[in-house]
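These notes are about the structure you will find just below.
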Amino acid sequence: MSVAVSQLAELATRWSAALERQLPAAQRLREQLHAAPRLSGHEHDVTERLTRELDGVVRLQPVADAGAIGRVGPRGPAVMLRAELDALPVAELTGARFAAAGGVMHACGHDVHQAALTALLRASVGLDLPVGVVALLQPREEAYPSGALDILRDGVLQQHEVAHVIAAHVHPGVPVGAVAVGGGFINAAADEIEVRLAGRGGHGGYPHEGADTVAAIAHIATAIPEVVRRAVSPLNPAIISVGTLTAGDGAANVLPAEARLLATMRTTDPADREPLFEAVRAMAEGMAAAFGTRAEVERVEGEPVLVNDVGLAQGADDWLARLGVDGAQPMRSLGADDFSYFSDAVPSLMLFVGVETAGESPQPALHHPRFLPGDEAVGAVAHALLAGYLAAAERVLGIPHHRGEPAGSQGTAS
Ligand SMILES: [Zn+2]
């Protein structure tokens, strides 16, 4: 058994060394990808470019319209490694030599993820992989309809016998050189709530003759935090934020007959999702009735909770240590990532790669027009994916996890 662990450790050493040799080219590729960003659903030529880079390494087939998928290594249960393809409608302000023009920007680091996956796959040539790798170039992470959901619905996971899915995301909340891995909830489920109110319009001087949707929608908006407090245990992070509130047409003295509220609902325990929405619905309907108006409340279901498999997280942590990468506090947030569709389907792992810079120009938040990970992020993301693969391969091969065993140790056959 430990023989197999030592074989994996040897693979880790060789793969990591081959990866180092790929990095200069991968960093140049990252700059080119950064300079030519594409919005969600329009990533076709990014996929074409990466397909050329991976010619002779992996045969890629189209998936989810603009994406691609391919497999290397032996048959049987495989580990999927995912890189997202899309950029954001953000006007870049980084001032980088390879900055994008035209109001579209890789402000979420997906350029880094693509270059890292490419480098890791190129570095795998000639290695005897014990468990297959399924490379996924995923479109539409940033927008609906989700690319991950399409891929799942297409039956891609079954078709390629995907046992585990691994992804790594750059993060400004983690120090450069470190990777944060944690088991359990990582990102929230993200649903949208829409409340449409219908009342009776009227004159602002005679509100008693109308049914005032402005007062009703305002009360509903301010009551929402109280509903969260009453419907969800304070030990389970949950939040509802109102992002849009519309009523009226610009007049001061006209009471509008309609109003609309849009909110995002974030929950971290799958069991809270339905009851919280139902509590909002009940409150909104009751509140609307109290004001003589009528509420229609709808939920648009978004991503499920992103849960990291605890065993994979421990395994990856140990492999990172063996590869010489520092650990960091697990990242958890009420943000959302459609990787959660994968983690909902099979035990999976999302790692966060540090791109925090301190000092005079601190790294801004993801999606900020000045967000720009350094060159070193490409190798760091690739190593995080490698650690995730090794942890998942251990699981597929049925190797019991040995915490903290040093790289290359022979162990004793037993
Ligand atoms: Zn992202």
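Position 26 of the sequence shown, counted from 1, bears residue number 36 in the working numbering, the numbering being contiguous throughout. The beta-carbon is built from N, C-alpha and C at its ideal position, and this holds for glycine as well.
What residues come near ligand 1, if near means a beta carbon less than 7 Å from any of its heavy atoms?
-> The set of residues whose C-beta lies within less than 7 Å of a heavy atom of ligand 1 reads, in chain order, 94, 118, 119, 120, 151, 152, 179, 347 and 376.
From residue 351 to residue 113, what does the alpha carbon distance come to, in whole angstroms?
-> Going from the Cα of residue 351 to the Cα of residue 113 covers about 29 Å.
Terminal residues of the continuous beta strand (DSSP E) containing residue 123?
-> From DSSP, residue 123 is part of no beta strand (DSSP E) but of the alpha helix (DSSP H) over 120 to 133.
Please report the residue range of the beta strand (DSSP E) in which residue 57 lies.
-> Residue 57: not part of any beta strand (DSSP E); member of the alpha helix (DSSP H) spanning 54 to 63, first to last residue.
In three-state DSSP terms, what is residue 336?
-> Note: residue 336 maps to strand in three-state DSSP.
Unbroken alpha helix (DSSP H) run spanning residue 234, endpoints = From DSSP, the alpha helix (DSSP H) with residue 234 extends over 223 to 241.
Using DSSP bridges, identify the partner residues of residue 274.
-> In the DSSP assignment, residue 274 forms a beta bridge with 202 and 251.
Considering only the beta carbon of each residue, do residue 124 and residue 91 sit closer than 9 Å?
-> In this structure, residue 124 sits away from residue 91, with a CB-CB distance that is not shorter than 9 Å.
4-residue-minimum alpha helix (DSSP H) runs that sit fully inside the segment 298 to 358, ordered along the chain | Residue ranges of uninterrupted alpha helix (DSSP H) with 4 or more members, entirely inside the segment 298 to 358 and ordered along the chain, are 320 to 332 and 350 to 355.
Counting along the chain, where does the beta strand (DSSP E) carrying residue 71 start and finish?
-> Note, residue 71: beta strand (DSSP E), 71 to 73.
Using the Cα positions of residue 330 and residue 186, report the straight-line distance between them to the nearest angstrom.
-> Roughly 14 Å separates the two Cα atoms.
Three-way DSSP call (helix, strand, coil) for residue 81 in this model = Residue state, collapsed to three classes: strand.
Strand pairing of residue 485, partner residues [DSSP] | With the chain covering only 11 through 424, there is no way to say anything about residue 485.
Skipping 5 residues on each side, what residues in its chain have a beta carbon closer than 7 Å to that of residue 33?
-> Correct list, in chain order: 129, 388 and 389.
Do you know how far the Cα of residue 49 is from the Cα of residue 405?
-> Between the alpha carbons of residue 405 and residue 49 lies a gap of roughly 36 Å.
Using only alpha-carbon positions, find the residue among 263, 164, 231 and 259 that is nearest to residue 253.
-> Looking from the CA of residue 253, the closest CA among 263, 164, 231 and 259 belongs to 231.
Between residue 69 and ligand 3, is the CB less than 8 Å from at least one heavy atom?
-> Among the ligands present in this structure, namely ligand 1, ligand 3 is not found.
Alpha carbon to alpha carbon, how far is residue 320 from residue 268?
-> About 48 Å.
State buried or exposed for residue 277, treating a residue as buried only when at least 16 other CB atoms are found within 10 Å of its CB.
-> It counts as buried.
Identity of the residues DSSP links to residue 144 by a beta bridge | BP columns for residue 144 point to 81 and 90.
Could you round the C-beta distance between residue 229 and residue 275 to whole angstroms and report it? I think they count as a contact, below 8 Å.
-> Not a contact, Cβ separation roughly 19 Å.
Assuming residue 182 and residue 366 make a contact with CB atoms under 8 Å, what is their CB distance in whole Å?
-> Residue 182 to residue 366, Cβ: 5 Å. Contact.
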